[in-house]
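Colleague: Got a structure here, written out as structure tokens. Questions coming.
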Amino acid sequence: NAGVTQTPKFQVLKTGQSMTLQCAQDMNHEYMSWYRQDPGMGLRLIHYSVGAGITDQGEVPNGYNVSRSTTEDFPLRLLSAAPSQTSVYFCASSPDRFGTEAFFGQGTRLTVV
Amino acid sequence: KQEVTQIPAALSVPEGENLVLNCSFTDSAIYNLQWFRQDPGKGLTSLLLIQSSQREQTSGRLNASLDKSSGRSTLYIAASQPGDSATYLCAVMNRDDKIIFGKGTRLHILP
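These protein sequence lines are chains A and B, in that order.
Position 27 of the first sequence, counted from 1, bears residue number 27 in our numbering, the numbering being contiguous throughout.
Position 50 of the second sequence, counted from 1, bears residue number 50 in our numbering, the numbering being contiguous throughout.
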């Protein structure tokens with residue numbers, strides 16, 4: 001049982017490049033979410049999904065897109081990377097949104113130069 | 001807009017002491033509150049989950065309480081050990097389906 005898997009673990013991008021951060025879970029969880037963690041800022045919610053085909057914006061959605069075509073996968077797309085998007089990104093999943101434990105991936109450390 | 005605050009931001013205590021970490025939130029319309037631990041450079045590990053209808057949860061030396069009406073939660077760590085050194089984060093799951101985190105408390109247990 002792999003849990004929540006994020007790839008890649010590290011990435012360096014040039015300003016203006018695009019890329020997709022992958023997140024996959026094998027627990028058949030309905031709820032998935034993306035966060036960024038910056039020093040002194042805690043984790044901030046970027047986008048979330050309560051089920052396949054449904055996505056919504058979190059606290060800091062600008063510059064990021066998501067899709068949820070399957071229950072298992074929830075990729076995060078940076079369309080045109082900016083230095084302000086340098087951060088550590090975490091993906092999480094939970095069985096549902098009503099009161100169940102959230103499980104986190106190990107994170108992707110992204111640097112935009 | 002939900003805001004989650006954790007006090008203190010950092011804490012150092014001698015090994016063996018009991019300690020309390022605090023978390024407050026502004027909107028009581030939540031499904032649950034969860035406490036996490038994060039070691040440097042690592043992901044988050046769930047410690048305790050308290051449903052909105054519950055008052056407390058216990059796991060080993062950890063006890064978390066929830067007072068939804070006052071918007072407060074505490075994480076009590078008994079007989080602290082150097083291995084407890086980490087950042088502790090609390091997060092609430094709002095009824096608008098958003099999980100909002102506090103900024104965390106950095107805990108250092110002195111041997």
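Backbone N, C-alpha and C define an ideal beta-carbon position, used for all residues, glycine too.
None of the values given here were measured: they were computed from a predicted structure.
(1) For B:D84, which residues in chain C fall below 9 Å Cβ to Cβ?
(2) Rounded to the nearest angstrom, what separates B:Q54 and A:V12 at their Cα positions?
(3) Please classify A:R97 as buried or exposed, where buried requires at least 16 neighbouring CB atoms within 10 angstroms.
(4) Quick check: the region 37-56 of chain A against the region 76-92 of chain A, are at least 3 beta-carbon pairs closer than 8 Å?
(5) Take B:S28 and list the residues in its own chain whose beta-carbon comes closer than 7 Å to its own, dropping the five residues that flank it on each side.
(6) What in chain B is Cβ-close to A:Y48, meaning under 7 Å?
(7) Could you work out which residue in B:V92, B:R106, B:G60 and B:D96 is closest to B:Q34 when comparing CA atoms only?
(8) Opposite A:D73 in the DSSP bridges: which residues?
(9) At 4 residues or longer, what runs of the alpha helix (DSSP H) sit wholly inside the region 25-89 of chain B?
(10) Quick test of your reading: B:Q38 and B:L48, contact by CB under 8 Å. State the CB separation rounded to the nearest angstrom.
(11) Does any residue of chain B have a CB that is nearer than 9 Å to the CB of A:A82?
(12) How far does the beta strand (DSSP E) with B:Q6 in it extend, from its first residue to its last?
(13) Please compile the residues from chain A whose C-beta is within a distance smaller than 7 Å of the C-beta of B:F25.
(14) Closest Cβ-Cβ distance between A:D26 and chain B: below 9 Å?
(15) Anything in chain A within Cβ reach of B:S59, meaning under 8 Å, just list it in chain order.
(16) Go through its chain and collect everything with a Cβ distance to B:L8's Cβ below 7 Å, but skip five positions before and after it.
(17) Counting only runs that start and end within the region 17-61 of chain A, where is the beta strand (DSSP E) found for 3 or more residues in a row?
(18) Counting contacts by CB-CB distance shorter than 9 Å, is B:N32 in contact with chain A?
Modeller: So, from the listed chains and residues:
(1) In the displayed structure, chain C is absent; the protein chains listed are A and B.
(2) 44 Å
(3) buried
(4) yes
(5) K68, S69 and G71
(6) D97 and K98
(7) B:V92
(8) A:A24
(9) none
(10) Not confirmed; about 14 Å, so no contact.
(11) no
(12) V4 to I7
(13) Those do not exist, as B:F25 stays about 13 Å from chain A at its closest Cβ, beyond 7 Å.
(14) no
(15) Within chain A, no residue comes near B:S59; the closest Cβ sits about 12 Å away, beyond 8 Å.
(16) Per the sequence shown, residue 8 of chain B should be read as Pro rather than Leu. Cβ within range, chain order: T105.
(17) 19-25, 31-38, 42-51 and 54-57
(18) yes
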